[in-house]
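Residue numbers (the working numbering), protein chains in the order written: chain A, 19 to 119; chain B, -17 to 602; chain C, 329 to 505. Written below as structure tokens is the structure these notes are about.
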Amino acid sequence: MHVGLQHYLAVSMILFCLGLLGVILRRNLIVIYMSLELMLNAANLALVSFSRFNDKLDGQVLVFFIITVAAAEVAVGLALIVALFRKRQSAHVEDLTSMKL
Amino acid sequence: MKNELFPWLILFLPLLSATVIALFTLRSKTVSSLISIGAVAAGFVLTCLFVNSNGIHYSGESSVNWLTIGGLNVDFGLKLDALSMMMLFVVTGVGGLIHIYSYSYMDEDAGKARFFAFLSLFTFSMLGIVLSNNFLMTFIFWELVGVSSYLLIGFWFEKPSAGDAAKKAFITNRLGDFGFLAGILMVWGLLGSLNFSALQNAMVANPAALGASATIAGLLVFCGAAGKSAQFPLHVWLPDAMEGPTPVSALIHAATMVAAGVYMLCRTLFLYNADALHVIAYIGGFTALLAALMAVQQNDIKRIIAYSTLSQLGYMVMAVGLSGPTPAMFHLTTHAFFKALLFLSAGSVIIGMHHEQDIWHMGGLKKKMPVTFWTFTIGALALSGIPPFAGFYSKDSILAQCLEQKNYLLFGVAVFVAGLTAFYTFRLFFVVFFGKEKSDHAKHAHESPLVMTAPLVILAVFAATGGFIGITNNYGSQFAADHETLSLAQQFLEPLKTPVPMFIGIGVAVAGIVLAFLLYKNADTDPLPAKLGVLATWMRDKFYFDEFYEKTFIRAHDFLAAVADWIDRWILEGAIIGAIRGGTDLSGRALRLAQTGNLQTYTILFVLGVVLLLYFVLGK
Amino acid sequence: MEAINNLISSGGVEDVLFYVFAALTLLCAVLVIANPFSRNPVTSAMFLVLTIISMSGLFLLLHAFFLAAVQILVYAGAVMVLFLFVIMLLDLKEEARRKIKFFGLAAGLVSVGSIVAIFFKALASAKPGVASPKLEGETYALGKLLFTQYTLPFEIVSVLLLVAMIGVILLSKKKLE
């Protein structure tokens, strides 16, 4: 059986689920951020494969934008983490519960 | 109609005055009172001019369409005929004199400007009733009169008794107005119109137009009159209303507002069938008798006059019930003169006595207050029905009406009440003005200023001559087409046409005065309780009507209110609102658990939401 | 040798490469989030780099050459350097081995399980055909599309980058007011 769209989608899905588990289970904010990147990449993979198998280039354009936005997001997110760390001396999610009512 | 604008001006000038005072001049006592007096005086002048240009026997309407809802067509209109124009004279004339009198009477009161604003509002409302050409408008002004009466009775609201009296008056009136409104709706439902002229035409064209419910409709409308004119069983509010300032008692509770009920009965006389009129007549007669008995044993100068007012109103209502609108309106007009005079004289006495109202603390005021004494004498003679004063003519016409209708029971009641009236009036007269001074205040009493005595003198002139200056001519033309106009001399001798009631009337009045003279000439305390025993106690305690109402209606009402309160507190607020509130609270507490502040918990919830969304988009 | 030629002509090489890259990607991803040997975020970061590189291999297999290059340049280059830089800056200690919360684990597994289930259900109902792919992700075509049809989003993204830059500078200032 040739490798087709569904194979790529399966990989994308597994990657997404791994990223999700990382976000939910890890405690280090930076690792959580990396897991987020994994999820974004999973989406990228799905988009590229759709683009390839649907004979449309727009998916790739979207991926291009996603990469750009992800870069910006990482920059801002990491800056936030740095600021938080300066204030709290910790990068663990469990220490950041001041939003609690 | 010439000068068609005048009636509108007469009506709205007092409202304008009340508005201006309330909005702009509340700080200045003098300006406020002058504006108010000016408005009512202008009303009187305009009334004179209007009557002069159109003649008193003129009849017409001036109206604008106010609202149309389906088949209901309501005008805001003025009905001008002899009846309303005579009432205009009474309201603006007597009312104007009372305004002037108040200028001095209320001089020391901090709320003088407010008083005059209320007074103007009342004048506006009363003129509205007088001029209205349809039931709905009458009802609205009827309620406005109730409100302004409430405001004025409770004018000294810092006194609990005044506040209670105001509430009592308003609520008792509301009871009557409830029936009035039901009657209006019934008339509208059966005849399809609210306009007096249209209704009258319909009733003339088909006297049975109201069908089987004619009696009920008539009596329901009479309910309103019973409330306003304080007829039994709604009479209890009027004596308490004396808590208001004395000019208010004179204006509202003697000359105008309480007369509104009688006026309305005469205005809508075409509605009542023989049965309804019978009931009205007997209620009137009973009220007259009851109030006169109560008056005999009162000791507060204003309350005595208040019960006398009740009694005289009973006379008027009885006259209407005996198909005699002309005597009723005649008595209403003369009563406005002499009762306003009595109240204002009493007010003058009260001021002279430094706000002492108990007659057993007065005495010997004849020399100290000569003008007040003489005006009061004229008022008392007029009230007692001594010729040639105004009250004699009007009372005689009512007595004659009783005989003409061959209602000997009511004739007997009326004669007896006439005797009682003379007796209690002169009991008051002798105790207050003769004998020796019974307190320090009485020794230092002084005559009132000219602003107060001048209205007294003017009213005294009318109270003396009101019987033969053409009042019956004007009213007579309204109610009887074949009424012949009498000259001054003919009017003067009119009672001689029916000598029986005249002589009986004069006889009982003189008997009452003589009896009062014998008992009270030099009395320091009231000799009657010893002679009458328990009856006197009953009279003094107003036959326990207040207590009876307290024990029955108010108790029952309190019980209903308690039940409603229980339902509101426990079922509505406790069970229903409590369940909603508790449910909200509980779910809020439950949802609060989700607010851990932990990022990952939020992520999980978020992902679960996305999963749900995905399920609906993809997996279904 | 003949077998290899057959494999190439029938596209078998691509299939083999797919499986290799896919396996590498997923393995490295697992090691990013749960490395049994190390809890150091630096290790995670290095494995993320590997994941991204193998993903760009997958992109190559999908003939998205430009994106494969960008992926390596931007992600493996810029973004990962940023990550490592921050890790060094914060001097993070190793994440203590704490007991994984049962609630978190259960919830994560439930979410993942339902996503997988929905995925298969959607796939079964959609039945994507095995039509031979023909699109070539040439840089020329992509650039043309980017600067014609997607000009506005492109410009907006540039503004976004600017805003992000300003924001980062503001956030990194010593005193947050």
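Even for Gly, the Cβ is constructed at its ideal location relative to N, Cα and C.
Can you give me the start and stop residues for the alpha helix (DSSP H) that residue i sits inside?
| i | result |
| --- | --- |
| Trp342(B) | No alpha helix (DSSP H) holds Trp342(B); DSSP gives it neither H nor E. |
| Val127(B) | 117 to 135 |
| Ile153(B) | 142 to 173 |
| Ser84(B) | 77 to 87 |
| Thr250(B) | Run containing Thr250(B): none; DSSP gives neither H nor E here. |
| Leu109(B) | 94 to 113 |
| Met484(B) | 481 to 502 |
| Met434(B) | 432 to 447 |
| Val398(C) | 393 to 398 |
| Arg563(B) | 560 to 574 |
| Lys210(B) | 196 to 210 |
| Phe450(B) | That residue, Phe450(B), is in no alpha helix (DSSP H); it is neither H nor E in DSSP. |
| Asp419(C) | First-last for Asp419(C): undefined, no H or E at that position. |
| Phe34(B) | Note that residue 34(B) is Asn in the sequence shown here, rather than Phe. Its alpha helix (DSSP H) spans residues 11 to 36. |
| Glu483(C) | 479 to 500 |
| Val444(C) | 430 to 454 |
| Trp219(B) | 219 to 222 |
Which same chain residues, not among the five before or five after residue i, have their C-beta less than 8 Å away from its C-beta?
| i | result |
| --- | --- |
| Val619(B) | It is not possible to answer for residue 619(B), since the shown part of chain B is limited to -17 through 602. |
| Lys94(B) | Lys11, Ser14, Ser15, Met88 |
| Ile603(B) | The structure shown does not extend to residue 603(B), since chain B is modelled only from -17 through 602, so no value can be given for it. |
Alpha carbons only, please: which of the options is nearest the one belonging to residue i?
| i | options | result |
| --- | --- | --- |
| Tyr132(B) | Ser231(B), Lys94(B), Lys350(B) | Ser231(B) |
| Val413(B) | Phe461(B), Asn455(B), Phe358(B), Phe137(B) | Phe358(B) |
| Ala435(C) | Tyr597(B), Phe598(B), Gln582(B) | Gln582(B) |
| Phe346(C) | Ser382(C), Thr371(C), Val377(C) | Ser382(C) |
| Arg70(A) | Leu27(A), Ile32(A), Leu58(A), Phe83(A) | Leu27(A) |
| Phe(-6)(B) | Val112(B), Ala95(B), Lys11(B) | Val112(B) |
| Thr316(B) | Tyr390(B), Gly93(B), Val76(B) | Val76(B) |
| Lys74(A) | His391(C), Gly385(C), Val485(C) | His391(C) |
| Ser384(C) | Leu63(A), Gly77(A), Ile84(A) | Leu63(A) |
| Leu500(B) | Ser179(B), Phe416(B), Ile38(B), Ala382(B) | Phe416(B) |
| Ala362(B) | Phe319(B), Ala427(B), Leu381(B), Asp340(B) | Phe319(B) |
| Asp282(B) | Ala148(B), Gly226(B), Asp340(B), Lys479(B) | Asp340(B) |
| Ala236(B) | Val592(B), Leu478(B), Ala328(B), Ala436(B) | Ala328(B) |
| Asn36(B) | Lys(-16)(B), Lys388(B), Trp124(B) | Lys(-16)(B) |
| Val444(C) | Leu56(A), Leu36(A), Val87(A) | Leu36(A) |
| Val100(A) | Val29(A), Tyr51(A), Ala88(A), Gly77(A) | Tyr51(A) |
| Leu(-9)(B) | Leu109(B), Asp91(B), Val56(B), Ile360(B) | Leu109(B) |
| Leu433(C) | Val29(A), Leu39(A), His20(A) | Leu39(A) |
Between which two residues does the beta strand (DSSP E) holding residue i run?
| i | result |
| --- | --- |
| Lys61(B) | 54 to 62 |
| Asn281(B) | Element bounds for Asn281(B): n/a, residue is neither H nor E. |
| Asn615(B) | Nothing about residue 615(B) can be reported from this structure: the residues present for chain B run from -17 to 602 only. |
| Ile536(B) | Careful: Ile536(B) lies outside any beta strand (DSSP E) and carries neither H nor E. |
| Ile51(B) | 42 to 51 |
With a threshold of 7 Å on Cβ separation, who are the neighbours of residue i within its own chain once the five nearest residues in sequence on each side are excluded?
| i | result |
| --- | --- |
| Gly45(A) | It should be pointed out that residue 45(A) corresponds to Arg in this sequence rather than to Gly. Closer than 7 Å at Cβ, skipping near neighbours: His110, Val111, Glu112. |
| His423(B) | Met335, His336, Glu338, His343 |
| Leu388(C) | Ala396 |
| Asn255(B) | Ala196, Thr197, Gly200 |
| Ser66(B) | Val112, Leu113 |
Relative to the ligand PLP, is the shortest distance from any of its heavy atoms to the C-beta of residue i smaller than 7 Å?
| i | result |
| --- | --- |
| Asn183(B) | Summarising the ligand content, the structure contains no ligands, and the ligand PLP is consequently not present. |
Taking 6 Å as the limit between beta carbons, can you name the residues of its chain near residue i, skipping five residues before and five after?
| i | result |
| --- | --- |
| Ala23(B) | Gly78 |
| Arg409(B) | Ala498, Tyr502 |
| Ala199(B) | Gly165, Met168, Val169, Leu192 |
| Quick one, which residues of the region 563 to 596 of chain B are near chain A if we go by CB-CB under 8 Å, in chain order? | Arg574, Gln577, Thr578, Gly579, Asn580, Leu581, Gln582, Thr585, Ile586, Val589
| request: Counting only runs of 4+ residues fully inside the region 50 to 112 of chain A, write out the alpha helix (DSSP H) ranges in chain order. | output: 76 to 106
| Against chain C: residues of the region 89 to 103 of chain A by CB proximity under 7 Å | Ala89, Ala90, Val92, Ala93, Val94, Leu96, Ala97, Leu98, Ile99, Val100, Ala101, Phe103
| field | alpha helix (DSSP H) segments (min. 4 residues) lying fully within the region 346 to 378 of chain C | value | none
| Cβ-based contacts, 9 Å cut-off: residues of the region 24 to 50 of chain A near chain B | Leu38, Val41, Ile42, Leu43, Arg44, Arg45, Leu47, Ile50
| In chain order, each alpha helix (DSSP H) run of at least 4 residues that lies wholly inside the region 363 to 399 of chain B | 372 to 386
| query | When Cβ atoms are compared, which residues of the region 70 to 103 of chain B fall closer than 9 Å to chain C? | reply | none
| query | Residue ranges of each alpha helix (DSSP H) run of no fewer than 4 residues wholly in the region 291 to 351 of chain B, ordered along the chain? | reply | 307 to 334, 347 to 350
| In chain order, what residues of the region 476 to 499 of chain C put their CB closer than 7 Å to some CB of chain B? | none
| task | Check distances from the C-beta atoms of the region 54 to 75 of chain A to those of chain B and list, in chain order, the residues that come in under 8 Å. | result | none
| query | Looking at chain B, which residues of the region 366 to 399 of chain C have a Cβ within less than 8 Å of any of its Cβ atoms? | reply | none
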